[in-house]
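Below is one structure, written out as structure tokens; comments come after it.
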Amino acid sequence: MATSSGATSSLSIERLDQWRRLYQQKRHNFLEEKCINADRIQSMDQLQQSIREMSISYGLRRLPMLSSSLQPTLDNVVSFSSAISSAAQYAPISCLIWGGIQAVIECACKVSGMLEESIGLLSDLNNALPRMEEYMELFPGHPELQWPLQDLYDNYLDYCILVVRYLKNRPSLNILQYLWSTSPRSALQTTKTRIEQNIKQFETEVKLLHRKAVRRHNVEIMKRLNAPLKTLESSNKSPANTKDKIDFPISTVAMYRNYTFVGRKNNLEDIVKFLLPEVEMADDSKTDSPPSLEEPRCCILHGIGGVGKTQTALEYSYAHRSKYDAIFWLSAERDVELRDAFCHIAKEELRLLPEGGNKHNKKEGVYIARKWLENTERSWLLIFDNMEDLYYIMTTQNAQTYPVTKNCLKMNVTSFGLEDGAKLLFKYLEREAVDEAEQQAAEDISRFVEGLPLAIAAIGGYINESLSQVQGFLDNLKRSSKVWTASATGPTKQYDKSLRSVFDIALKQIPRRTREFLNILAFLDPDCIPEQIFFAHFKNPVLDCISNEDEFLEDVRILRRLQLVRRDHSPNLGPFLSVHRTVQANVLLDISENEHYRSQCFRNAMTILRQGCPSVSPLNIPEPEKWPEFEKYVPQVLSVRTHCLWLKPPIEPPVDFADLLSDLGTYMWHAGLSDAGHDALKTALDVYEKEHVPENDVRRSNVYSKLGILISFNGVSDRKETMKYWMKALNARQENFDSIPKNQVTRQDETILDSIKSDLAYTYWHEERFDDVERIMTGCLENYQKWGMEETIPFEYGKYYHLMAFVRLWQKKTAEAVEFSRRCADLFEKAAGICGEYNHYTLESYSTCGAFLLRLGRLEEAEKLLNQCLERRKRDAWLPEEVARAQFRLSQVLEQLGKADEAKRYARDANRTRRIFVEKYADQLNDDPDEETVFDQMVSLWAGRYTGKLRDGRADAATSP
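Going by our numbering, the first residue of the sequence shown is number 5, and it counts up by one from there.
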């Protein structure tokens, strides 16, 4: 027995030595190709950070977008690198895997036209990798898995080195033409073949080990069957009860089951086989299959609009709901709606938002929901409806959607055949065909509309409503359609024509008032139009088409009978309407034939939204109590904005719509939706320009101010643009203020002007005009004290203490500066309901306080705060330059604490970002020998400066009280 143990130990040591030698050899190969960072990328996060830095360094803005196609394959690499680290028991060894990917991408960045092809090669390679670390955890220490894993590591890195070498040696040729034409073809193909053999060998060994494990398990079961029965209470204990216990199963599928659903038998069977393989593997012959350790399975349903993708997904969710603990239906057309859906899952369904957390922080809600999905042992199904961009049943009209997981099935949902189309028509008529002639007429109708389920549904609704005959309907349908021209090509073109003809008939049968109501709906969000948004109009009706609730319900009833809208119910929103996109498109096309009428329909939709949408504070102060209402209106307003610009010529929005966009821009800024907020505000500004709104108008100054704030967070990259907007805001507001007679100046006039001035104080701070900062903020404080106490408006008081902390530091009042910085941090911590504990303001307040504590020599406290903000920034979008400055500060703290290795790591990461920004913005940044000065210049105006007069004038920490 001792001899056996010693032999095993010797083999283990020898194997580990082989891993280390292999690592040194591959590292040397990368260094020969001048890939000096090959062993410095330690994780997927660091690779993604490196890609962002390369996009800045090489001026390739499309790099993050192109690399997104690589993203779905990186989970395989995570698994691969974890397995390698586990097998080698040597942490640095997996760095070369990530470094190899980074080296290929960086070399491709330097060669014109090579980027997309190189990323494609990496994606193909990574897609072939199995999920290895789970097998290694199941069968630890088995040498049978070590050898193929070591060979795979060797060949994977060879593949990366070969691509790097060819990119460096032949940059003038297209990489695919080069790699697959001469001697490189043989070398690279040989390497790829070896990788495939390594993977097959690894999987074969896993199957053999699994069979052995199954046999041992079966033997153990037989032993237990022959032994006395024992209670299994210990294995069946339920988890401890919590105050927010969830009663599974849960579902967010708001739509009712469609009992007129027919056909799609093959589609549904294929989905079941793919998503529920255990249903198909009930026989004993499958027991030797490898254990189920794969990542989530994804099924993408794609096809033309109205073909029945959503209805197929809906039918599956109802038919197989017993197989899942949780089913979540997510509207995924726009990022705003998708974030809302994930936040709803975290808050309402799973009740996972932490105590004191910001329930309106979209990013936190998405993070929490995703973590639950990734870590739970519950079975769940996500259904993304109308996922047009990319990124489990998905429904999309885009056939080019790429897989988001390795286990992905793309299913083209096609139109019905003649028989199924006719069967569906009679389902809507609630009867069977009376004779063969009527059956043939139904099949002819199905052929004419190419079996499109939505068109057949509309026809069924029309026949029922008008009491028409099936046999005579086809002639009517043909008369209402436009002449088919020779230029019409392809099934999609014919589908558009035939579907348009269907809705020509249905729309002509709608009463005038109901049609005007449908025209309003066509401009709104087709997936979810809360009925509540019409209630404000009922109280003060200005439109004849929906002057009261009774008329509204009658219009809904008519449209539902014609299959043009659906009415469903949500626990949060109450009753809501939905309009299929094909219906929406046809209505918009129909009204576009009269430009004046189309503009009037747009104004009617805008009137409904303007009446119900809440107003914002003139001070731009966050008002979280209004956010739930704003959330209902954001998708509607964005949809109106999209559809007024969709057809040519675009509708010229009136000033009232710009005012609405301005209010929503404020909400989206506070809710962290900065991109959508920026777009909304820019549209509002364009409208003011076209409508010749005066420069000194308050509305213009509000938009200028909010645009300045939104882009000011981008640091040095948008500093000039920020200053332009803020100066315009101040000049416009000051001119307006000066034009008001003194005896007519209101408190609101004063507070709006002071709000803009307090924002501008951050600019003076960067220019080291501390006297001006103190003058402005002292005046602001006097007004803050009139408006309310610190507890009631922590946002504004927090800004005051943030700025005045630096004024006190410049005045050599260090102790008071530290106290002000602490009060700033405390206020933003208390304002977590407004800003959130992961918000930019909160994170920057921690970093500020950490910097002061460093100057006072209170190193342990400084380390804790800086670590806290760097850890929390992973949950929100803290900008890379601000992260870099916090890393630099932490490196200084760690160095003084004697933690040299950690200090070097943080300093290296910080300086990498600094070099990128200095090169990118050479006209605004100087590579000052004093690194801290450069970091201060990089960050946004809100983050401020700590060098220059501040450092030269600060009090000695040793003499500070």
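Even glycine gets a Cβ: it sits at the ideal position worked out from N, Cα and C.
Just so you know, these numbers come straight off a predicted model, no measurement behind them.
Indicate whether residue 71 and residue 86 have their beta-carbon atoms separated by less than 9 Å.
-> Numbered from its first residue, the sequence shown carries residue 71 at position 67. Numbered from its first residue, the sequence shown carries residue 86 at position 82. In this structure, residue 86 does not lie closer than 9 Å to residue 71 by Cβ.
When the Cβ atoms of the region 691-702 are set against those of the region 732-751, are three or more pairs found closer than 8 Å?
-> Proximity of the region 691-702 to the region 732-751 meets the contact definition, three or more beta-carbon pairs being nearer than 8 Å.
Okay, do the region 333-353 and the region 377-389 touch, 3+ Cβ pairs below 8 Å being the bar?
-> Segments in contact, yes.
What are the start and end residues of each continuous alpha helix (DSSP H) run of 4 or more residues lying completely inside the region 531-586, in chain order?
-> Unbroken alpha helix (DSSP H) runs of no fewer than 4 residues, entirely contained in the region 531-586, are found at 539-543, 553-565, following chain order.
Status (buried if at least 16 other CB within 10 Å, exposed otherwise) for residue 118 = Position 114 of the sequence shown holds residue 118. Under this definition residue 118 is a buried residue.
In whole angstroms, what is the alpha-carbon distance linking residue 486 and residue 511?
-> Numbered from 1 along the sequence shown, position 482 holds the residue referred to as residue 486. Numbered from 1 along the sequence shown, position 507 holds the residue referred to as residue 511. Any reading at residue 486 must be qualified, since the residue scores a pLDDT of 33, below 50, and its modelled position is unreliable; the value itself is stated next. Taking the straight line from one Cα to the other gives about 15 Å.
Spatial distance of residue 478 from residue 421 (CA atoms) | Position 474 of the sequence shown, counting from 1, holds the residue named residue 478. Position 417 of the sequence shown, counting from 1, holds the residue named residue 421. Straight-line Cα distance between these residues: approximately 17 Å.
Exposed or buried, what is residue 562 when buried is set at 16 or more other beta-carbons lying within 10 Å of its beta-carbon?
-> If you number the sequence shown from 1, residue 562 lands on position 558. Buried, because 16 or more other Cβ atoms sit within 10 Å of the Cβ of residue 562.
By Cβ distance, which residues of its chain are closer than 7 Å to residue 666, with the 5 residues on each side in sequence left out?
-> As a position in the sequence shown, residue 666 is number 662, starting the count at 1. These residues qualify, in order along the chain: 685, 688, 703, 706, 707.
Between the beta-carbon of residue 639 and the beta-carbon of residue 340, is there less than 9 Å?
-> The residue you call residue 639 lines up with position 635 of the sequence shown. The residue you call residue 340 lines up with position 336 of the sequence shown. Going by C-beta atoms, residue 639 is nearer than 9 Å to residue 340.
Please determine, among 752, 746, 756, 807, the residue with the shortest C-alpha to C-alpha distance to residue 772.
-> As a working note, residue 772 is residue 768 in the sequence shown. The residue with the shortest Cα to Cα distance from residue 772 is 807.
Can you tell me which of 558, 576, 329 puts its alpha carbon nearest to the alpha carbon of residue 569?
-> Within the sequence shown, residue 569 is the residue found at index 565, counting from 1. Ranking the options by Cα distance to residue 569, first place goes to 558.
In whole angstroms, what separates the C-alpha of residue 64 from that of residue 322?
-> The count along the sequence shown starts at 1 and reaches residue 64 at position 60. The count along the sequence shown starts at 1 and reaches residue 322 at position 318. Distance from the CA of residue 64 to the CA of residue 322, rounded to the nearest whole angstrom, comes to 46 Å.
Determine, using beta-carbon pairs with one atom in the region 808-827 and one in the region 773-782, whether at least three such pairs fall under 8 Å.
-> Between the region 808-827 and the region 773-782 there are three or more C-beta pairs closer than 8 Å, enough to call the two in contact.
Would you mind giving the Cβ-Cβ distance between residue 649 and residue 682, rounded to the nearest angstrom? I have them listed as a contact below 8 Å.
-> The residue given as residue 649 occupies position 645 in the sequence shown. The residue given as residue 682 occupies position 678 in the sequence shown. At roughly 16 Å, the Cβ-Cβ gap does not stay under 8 Å, so residue 649 and residue 682 are not in contact.
Cα-Cα separation between residue 867 and residue 822, rounded to whole angstroms | Stepping through the sequence shown from its first residue, residue 867 is reached at position 863. Stepping through the sequence shown from its first residue, residue 822 is reached at position 818. If you draw a straight line from the Cα of residue 867 to the Cα of residue 822, it comes to about 16 Å.
For residue 78 and residue 58, believed in contact at Cβ under 8 Å, the rounded distance | Here residue 58 corresponds to residue number 54 of the sequence shown, with the count starting at 1. Here residue 78 corresponds to residue number 74 of the sequence shown, with the count starting at 1. Separation of the CB atoms of residue 58 and residue 78 is rounded to 16 Å, and the pair is thereby denied contact status at 8 Å.
Select from 92, 56, 128, 260 the residue whose C-alpha is nearest the C-alpha of residue 110.
-> If you number the sequence shown from 1, residue 110 lands on position 106. It is 56.
Since residue 336 sits in a beta bridge, which residues does DSSP pair it with?
-> Translated into positions along the sequence shown, residue 336 becomes position 332. None; residue 336 has no bridge partner.
With respect to 8 Å, is the separation between the Cβ of residue 163 and the closest non-hydrogen atom of the ligand FAD below this value?
-> Inclusion of the ligand FAD in the displayed structure is not the case, the ligand content being empty and no account of it being possible.
Which two residues bound the contiguous beta strand (DSSP E) that contains residue 303?
-> Working through the sequence shown from its first residue, we reach residue 303 at position 299. From DSSP, the beta strand (DSSP E) with residue 303 extends over 302-306.
Assign residue 416 to one of three DSSP states: helix, strand, or coil.
-> Translated into the one-based positions of the sequence shown, residue 416 becomes position 412. Note: residue 416 maps to strand in three-state DSSP.
Inside the region 772-802 only - alpha helix (DSSP H) runs reaching at least 4 residues | For the region 772-802, whole alpha helix (DSSP H) runs of length 4 or above, ordered along the chain, are 774-791.
Reducing DSSP to helix, strand and coil, say where residue 255 ends up.
-> Working through the sequence shown from its first residue, we reach residue 255 at position 251. Strand.
I think residue 617 touches residue 664, with their Cβ atoms under 8 Å apart; what is that distance to the nearest whole Å?
-> Mapped onto the sequence shown, residue 617 falls at position 613. Mapped onto the sequence shown, residue 664 falls at position 660. 6 Å between Cβ atoms; contact.
Find the nearest neighbour of residue 132 within the set 606, 327, 440, 411, judged by alpha-carbon distance.
-> Counted from its first residue, the sequence shown places residue 132 at position 128. Checking every option, the nearest Cα to that of residue 132 belongs to 411.
Report all residues from its chain with a CB closer than 7 Å to the CB of residue 654; omit the five preceding and five following residues, and keep chain order.
-> As a first step, residue 654 is located in the sequence shown; it is residue number 650 there, counting from the start. Here the set comprises 648.
Once you ignore the five residues that flank residue 895 on each side, which residues in its own chain have a CB closer than 6 Å to its CB?
-> Position 891 of the sequence shown, counting from 1, holds the residue named residue 895. Cβ within range, chain order: 907, 910, 911.
Might you give, ordered along the chain, the residues of its own chain that have their beta carbon closer than 8 Å to the beta carbon of residue 913, omitting 5 neighbours on each side?
-> Position 909 of the sequence shown holds residue 913. Result list for residue 913: 888, 891, in chain order.
For residue 744, is the classification buried or exposed, using 16 other Cβ atoms within 10 angstroms of its Cβ as the cut-off for buried?
-> Residue numbering aside, residue 744 sits at position 740 when the sequence shown is read from its first letter. Per the 10 Å Cβ criterion, exposed.
Got a sec? Which residues, its chain only, sit under 8 Å from residue 929 by beta carbon, not counting five neighbours each side?
-> Working through the sequence shown from its first residue, we reach residue 929 at position 925. The answer, listed in chain order, is 720, 921, 922, 938, 941, 942.
CA-CA distance, residue 812 and residue 60?
-> Residue numbering aside, residue 812 sits at position 808 when the sequence shown is read from its first letter. Residue numbering aside, residue 60 sits at position 56 when the sequence shown is read from its first letter. The alpha-carbon atoms of residue 812 and residue 60 are separated by roughly 36 Å.
Straight-line gap, residue 115 to residue 75 (C-alpha atoms, nearest Å) | Here residue 115 is taken as the residue at index 111 of the sequence shown, counted from 1. Here residue 75 is taken as the residue at index 71 of the sequence shown, counted from 1. Going by the C-alpha atoms only, they are around 22 Å apart.
Among 778, 752, 777, 530, which one has its Cα closest to the Cα of residue 791?
-> Counted from its first residue, the sequence shown places residue 791 at position 787. When each option's Cα is compared against that of residue 791, the closest is 752.
Along the beta strand (DSSP E) that carries residue 388, what are the first and last residues, could you check?
-> Start at 1 with the first residue of the sequence shown, and residue 388 comes out as number 384. Residues 384-389.
For residue 331, which of helix, strand or coil comes out of DSSP?
-> Looking up residue 331 in the sequence shown gives position 327. Looking at residue 331 - three-state DSSP - the assignment turns out to be strand.
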